[in-house]
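Colleague:
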Amino acid sequence: MCGGAEFCKKRARENTRARVFKGEKDSLLMSHKFIADSMLGKLARWLRLMGFDTLYYPSIPDEDLVKKAKEEKRIILTKDSELVRKNKESNFIYITSSDPYQQIKMVVKSLKLNPWKRLFSRCVHCNKLVEKIDNISEFREKIPSYAYRTCFSFYRCPECGKIYWEGSHHSKIKAKIKAFLEEEDEV
10 MCGGAEFCKK RARENTRARV FKGEKDSLLM SHKFIADSML GKLARWLRLM
60 GFDTLYYPSI PDEDLVKKAK EEKRIILTKD SELVRKNKES NFIYITSSDP
110 YQQIKMVVKS LKLNPWKRLF SRCVHCNKLV EKIDNISEFR EKIPSYAYRT
160 CFSFYRCPEC GKIYWEGSHH SKIKAKIKAF LEEEDEV
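Numbered according to the working numbering, the sequence shown spans residues 10 to 196.
1) When you compare each of Lys185, Asp89, Tyr155, Cys166 to Gly176 by their alpha carbons, which one comes out closest?
2) Which residues does DSSP list as the beta-bridge partners of Tyr173?
3) Might you give, ordered along the chain, the residues of its own chain that have their beta carbon closer than 6 Å to the beta carbon of His41, omitting 5 neighbours on each side?
4) So, is Cys136 buried or exposed, given that buried needs 16 or more other C-beta atoms within 10 angstroms?
5) Nearest by alpha-carbon distance to Pro109: which of Ala78, Lys126, Ala53 is it?
6) So that I know if they touch, is there some Cβ in chain C lying closer than 8 Å to that of Asn123?
7) Are the CB atoms of Ile113 and Leu74 within a distance shorter than 8 Å?
8) Just how far apart, CA to CA, sit Phe161 and Trp125?
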């Protein structure tokens, strides 16, 4: 099945670690700008929730992904070991887990990111920074009546127009991030 208890434990530990591959410039790893491959859509969404500039294209060819990463000085997030092997000049984080929460933990811990600093500052759909809405009455028809009555701060994505507010989901998301970042690696 797995090849013995020790092998299984080693395999489980390996699956919760990210491997960072540094290309030309180590300083890119400090930029915290990412581009995720087609297998990492949920990870991209969570990184955006935490305010990290993360591009995601569901069907981008590998060559275009690498080219875009180099042009925009982005770190490539990938589950594709062949992509890493073929592109030694680029900065990668090789994701070994299929679990989205473990993936987030891998990226956050490997780069020592602060997930709280820019929380909820980006649109999860198109990655743009959201802007505070000063005159909420202009957007009344786009906001559920309960949120309109009970929330005080609203934000809008300048790209796609999506409206955000601090509802009960904010505390649930914060609790989830805290839980999976504090969770011990499986052994």
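Heads up, the beta-carbon is just placed ideally off N, CA and C, and yes, glycines get one too.
Modeller: Taking the definition as stated:
1) For the purposes of this step, residue 176 is identified with residue 167 of the sequence shown, where counting begins at 1. Out of Lys185, Asp89, Tyr155, Cys166, Tyr155 has the C-alpha closest to the C-alpha of Gly176.
2) In the sequence shown, residue 173 corresponds to position 164, counting from 1. Tyr173 is bridged to Tyr164.
3) In the sequence shown, counting from the first residue as 1, residue 41 sits at position 32. So the qualifying residues of the chain are Phe61.
4) Here residue 136 corresponds to residue number 127 of the sequence shown, with the count starting at 1. Going by the sequence as given, residue 136 is Asn instead of Cys. Under this definition Asn136 is a buried residue.
5) Translated into the one-based positions of the sequence shown, residue 109 becomes position 100. Ranking the options by Cα distance to Pro109, first place goes to Ala53.
6) Here chain C cannot be found, since the structure has a single protein chain.
7) Residue mapping note: residue 74 aligns to position 65 of the sequence shown, counting from 1. Residue mapping note: residue 113 aligns to position 104 of the sequence shown, counting from 1. Result no, Cβ atoms of Leu74 and Ile113 do not sit closer than 8 Å.
8) To locate residue 161, count along the sequence shown from 1; it is residue 152. To locate residue 125, count along the sequence shown from 1; it is residue 116. Between Phe161 and Trp125, the C-alpha separation is close to 21 Å.
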